[in-house]
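Working notes, structure below.
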């Protein structure tokens with residue numbers, strides 16, 4: 001950004017009410033004790049307090065905290081990653097059980113240094129959560145794994161409840177916004193998931209405010225639907241630091257409502273759109289009926305044993 005270019009002042013509707021209650025501080029303490037990373041913290045998500053304190057959901061970031069890519073919108077640090085930590089899946093599962101979570105999103109830094117992009121660790125993490133907390137629904141949010149579709153089979157062996165992969169922006173801006181990622185490769189990845197497991201809901205997200213047009217957003221919707229994507233989320237891009245891409249404009253909540261209406265009318269089964277919406281926002285509501293019933297059945301059995309699901313003391 002040019003030195004003489006001024007920041008666009010944030011509008012009123014982007015003010016965040018912080019809620020650092022006992023549940024939130026307890027979860028944060030547990031994350032540090034277990035030496036775990038969350039994208040909620042690393043990406044500075046504005047919804048962290050709502051998800052951790054109220055909805056009993058969290059997004060774990062596995063495969064370390066250092067990404068091999070340097071996307072110009074993302075706050076996660078870039079560099080040479082550490083060696084794989086095969087104890088991480090069990091630590092994630094342990095935390096899910098202690099926290100009494102009902103829905104978990106498992107994402108990761110891009111690991112282009114690994115042949116499988118980290119698919120084996122992803123799958124083992126999902127399986128570990130299933131063993132420890134059978135009723136917890138699990139969504140995975142991997143990178144494109146450089147288009148290695150053999151690794152995609154490994155990834156899907158964990159049988160996630162939702163497969164999420166973000167295109168992040170419209171076709172025209174992809175090269176500017178996403179490092180080493182390709183718009184069509186992301187679409188192909190989403191399509192292949194449906195070919196492997198037709199009943200698994202697929203999901204993708206875009207940020208707005210980077211200079212895209214409404215027509216390009218609608219085109220992105222059509223592209224996702226053409227590749228059998230079920231769920232879409234649309235949120236406002238917020239600049240993490242001065243080194244990242246600047247915000248071209250802020251969308252009004254009414255504009256997000258209009259985009260959500262368009263998405264649903266076009267055929268998406270679920271759409272979340274709003275200034276604070278991020279990829280995992282209200283993710284617990286987006287699982288299919290089969291997964292939801294499994295969660296309910298487990299929770300009923302859990303409560304019948306006299307156990308308390310809403311764990312706030314750690």
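Numbering (UniProt numbering), first residue to last: 1 to 314. Every residue gets a Cβ at the ideal spot worked out from N, C-alpha and C, and that includes glycine.
- In the assembly as shown, residue 63 is a buried residue. Its beta-carbon has 16 or more other beta-carbons within 10 Å.
- In terms of Cα proximity to residue 130, the closest of 106, 150, 114 is 106.
- Per DSSP, residue 241 is not a residue of any alpha helix (DSSP H), being assigned neither H nor E.
- Contact check for residue 207 and residue 168: beta-carbon distance about 6 Å, within the 8 Å limit, so the pair qualifies.
- Per DSSP, the unbroken alpha helix (DSSP H) holding residue 260 starts and ends at 253-266.
- Secondary structure at residue 274: strand, using DSSP grouped into helix, strand and coil.
- Put simply, the backbone Cα of residue 200 is about 16 Å away from that of residue 127.
- A straight line joining the alpha-carbon of residue 179 with that of residue 147 spans about 14 Å.
- Here residue 203 carries a strand assignment [DSSP, helix/strand/coil].
- Of the residues assessed, residue 189 falls on the buried side of the cut-off, its CB having 16 or more other CB atoms within 10 angstroms.
- With a 10 Å radius around the Cβ and a threshold of 16 neighbouring Cβ atoms, residue 80 comes out exposed.
- The beta carbon of residue 71 lies closer than 7 Å to those of 177, 178, 179 in the same chain, with the five residues before and after it left out.
- For residue 156, the enclosing alpha helix (DSSP H) covers residues 149-156.
- Judged by beta-carbon spacing, residue 235 lies within the 9 Å limit of residue 205, meaning their Cβ atoms are closer than that value.
- At a cut-off of 3 residues, the continuous stretches assigned as beta strand (DSSP E) that sit fully inside the segment 65-128 are 103-108.
- Between residue 104 and residue 139, the CB-CB gap stays under 9 Å.
- Residue 226 sits exposed, since fewer than 16 C-beta atoms from the chains shown fall within 10 Å of its C-beta.
- The beta carbons of residue 154 and residue 120 sit closer together than 9 Å.
- Around the C-beta of residue 77, fewer than 16 other C-beta atoms lie within 10 Å, and the residue is accordingly described as exposed.
- For residue 58, there is no enclosing alpha helix (DSSP H); the residue is part of the beta strand (DSSP E) that begins and ends at 57-62.
- By alpha-carbon distance to residue 271, the top candidate from 203, 219, 94, 57 is 203.
- Taking residue 250 as the centre and dropping the five residues before and after it, the same chain places the C-beta of 8, 10, 11, 14, 209, 236, 275 closer than 8 Å to its C-beta, in chain order.
- Membership of residue 188 in the alpha helix (DSSP H) is indicated by the continuous run 183-196.
- Residue pairing for residue 208: DSSP places it in a beta bridge opposite 236.
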